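The structure appears right after this line, and notes come after that.
If you want it as structure tokens, here you go:
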């Protein structure tokens, strides 16, 4: 376990930082000068299967969304409720001409730990100096998963439709089989 | 064609801007105070099939990477060579304990137009005010595809291995079938 995370986090002695980005001065109506704490890549899916490479176990969902998630240095438990509310409540999915959140679809959620998303490209090398340490990352990931489960379980529509939250292990190599329509990829940062 | 892009870009009258992010002042060793012009989400794949929803045509690749790409307002042709060089030259892939670029694998490249990645979450709504206009976006996408094709074709290793660049249409709804190991997702911004 964790071999992938460790293999990718072997540059932490470097002082190079994540690339940063700004929007132009004239449109800075919503500037928040706070550091990046978490990043999620979300994709609509028709069917997704996730298998732990160290195991024969696998989990699957049908219609819903796949959430790849990572945490940056300085992330705390405080951001989890906001992340869960934002991601599960975001009207990202185009269905029958209407935009709906995964809770409104109703749909299931597949959560994939993906620390590589903290990487920044420096020349031809990916650097991961902004990744949270593994112990804290694992705690935040577990908390994110359990709060997503709670949120879906509190939605009558989701419960009645049999929508579920499934997830892979933290920080391990996994195989994903994804069938996605759209695929409506979104990058959401916290 | 383009119905998805248009459906997602119906908030352009809003003056709300993309969320922005900074890194902390004390680690600002590589700050580039320039706006975001393009974003790519990259995933390693074992096999990917992409099908245009308006068509029965489909394309596929075996081992390599899937690149979801979008362009922001202000993006110009000038960024394309840098994007191609960075993405195809980035040592993102863990194989046999070594990190390799897709050119070194050697592997194929599947390019997916994904304007939704310009979106920013405002409350429960995704806003796409920073998307490039469709005509310019289509030109940049075509240029990105052709320069990736040229780059792969100039790699003897890739040519000998039969590595290819495949892509879907610009701005249209598509279905992707992905089998990914890792999946080593990266977000790379330009």
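Protein chains in written order, with the working numbering: chain A, 1 to 190; chain B, 191 to 380. The beta carbon of each residue, even a glycine, is placed where N, CA and C say it ideally should be. It should be emphasised that the depicted structure is a prediction, and the values quoted were computed from it without experimental measurement.
Whole-angstrom distance between residue j and residue i, CA atom to CA atom
i	j	result
residue 110(A)	residue 67(A)	6 angstroms
residue 368(B)	residue 34(A)	35 angstroms
residue 48(A)	residue 175(A)	10 angstroms
residue 391(B)	residue 334(B)	The structure shown has nothing for residue 391(B), since chain B only spans 191 to 380.
residue 157(A)	residue 328(B)	39 angstroms
residue 126(A)	residue 376(B)	9 angstroms
residue 152(A)	residue 81(A)	13 angstroms
residue 236(B)	residue 182(A)	21 angstroms
residue 61(A)	residue 135(A)	28 angstroms
residue 173(A)	residue 72(A)	19 angstroms
residue 240(B)	residue 246(B)	11 angstroms
residue 76(A)	residue 189(A)	14 angstroms
residue 52(A)	residue 146(A)	19 angstroms
residue 79(A)	residue 36(A)	11 angstroms
residue 330(B)	residue 354(B)	20 angstroms
residue 74(A)	residue 309(B)	25 angstroms
residue 24(A)	residue 340(B)	Legend: pLDDT at residue 24(A) = 38, less than 50; position of this residue unreliable, no value from coordinates given.
residue 184(A)	residue 161(A)	22 angstroms
residue 99(A)	residue 159(A)	21 angstroms
residue 44(A)	residue 142(A)	22 angstroms
residue 287(B)	residue 323(B)	42 angstroms
residue 54(A)	residue 244(B)	39 angstroms
Helix, strand or coil at residue i [DSSP, three-state]
i	result
residue 81(A)	helix
residue 254(B)	strand
residue 288(B)	strand
residue 175(A)	strand
residue 300(B)	strand
residue 182(A)	strand
residue 468(B)	Since the first residue of chain B shown is 191 and the last is 380, residue 468(B) is not available in this structure.
residue 57(A)	coil
residue 87(A)	helix
residue 24(A)	For residue 24(A), the pLDDT reaches just 38, beneath the cut-off of 50, and the residue's location in the model is therefore unreliable, leaving the point undetermined.
residue 30(A)	Since pLDDT at residue 30(A) reaches only 40, below the 50 mark, its modelled position is unreliable, and the value read off the structure follows with that caveat. Three-state result, residue 30(A): coil.
Within 8 angstroms, strictly: CB atoms of residue i and residue j
i	j	result
residue 171(A)	residue 115(A)	yes
residue 64(A)	residue 113(A)	no
residue 88(A)	residue 95(A)	no
residue 90(A)	residue 314(B)	yes
residue 307(B)	residue 260(B)	yes
residue 59(A)	residue 166(A)	yes
residue 129(A)	residue 92(A)	no
residue 291(B)	residue 121(A)	no
residue 293(B)	residue 345(B)	yes
Heavy atom of the ligand MN within 7 angstroms of residue i beta-carbon
i	result
residue 296(B)	The ligand MN is absent from the structure shown, which contains no ligand whatsoever.
Checklist entry - Closer than 7 angstroms, Cβ to any Cβ of chain B: which residues of the stretch 146–158 of chain A, in chain order? => result Among the residues of the stretch 146–158 of chain A, none has a Cβ less than 7 angstroms away from any Cβ of chain B.
Checklist entry - Which of the residues in the stretch 267–286 of chain B, read from start to end, lie with their CB under 7 angstroms from any CB of chain A? => result For the stretch 267–286 of chain B, the set of residues with a beta-carbon nearer than 7 angstroms to any beta-carbon of chain A comprises 276, 279, 280, 281, 282 and 284, in chain order.
Next on the checklist: Under 7 angstroms, CB to CB, which of the residues in the stretch 286–312 of chain B have a partner in chain A?
Outcome noted: Residues 291, 304, 306, 307, 309 and 311.
Checklist entry - Which residues, in order along the stretch 364–379 of chain B, keep a beta-carbon less than 9 angstroms from a beta-carbon of chain A? => result Among the residues of the stretch 364–379 of chain B, those with a Cβ less than 9 angstroms away from any Cβ of chain A are 364, 365, 366, 367, 368, 369, 370, 371, 372, 373, 374, 375, 376, 377, 378 and 379, in the order of the chain.
Item to check | Every unbroken alpha helix (DSSP H) within the stretch 127–179 of chain A, with a cutoff of 4 residues, ordered by chain | outcome: The DSSP assignment places 134–153 and 156–161 as complete runs of the alpha helix (DSSP H) inside the stretch 127–179 of chain A, in order along the chain (cut-off: 4 residues).
Next on the checklist: At a CB distance below 9 angstroms, what residues from the stretch 52–71 of chain A approach chain B? Give them in sequence order.
Outcome noted: Under the 9 angstroms Cβ criterion, the stretch 52–71 of chain A contributes 53, 68 and 70.
Item to check | Proximal residues, the stretch 122–141 of chain A versus chain B, C-beta separation under 9 angstroms | outcome: Hits within the stretch, in order: 122, 123, 124, 125, 126, 129 and 130.
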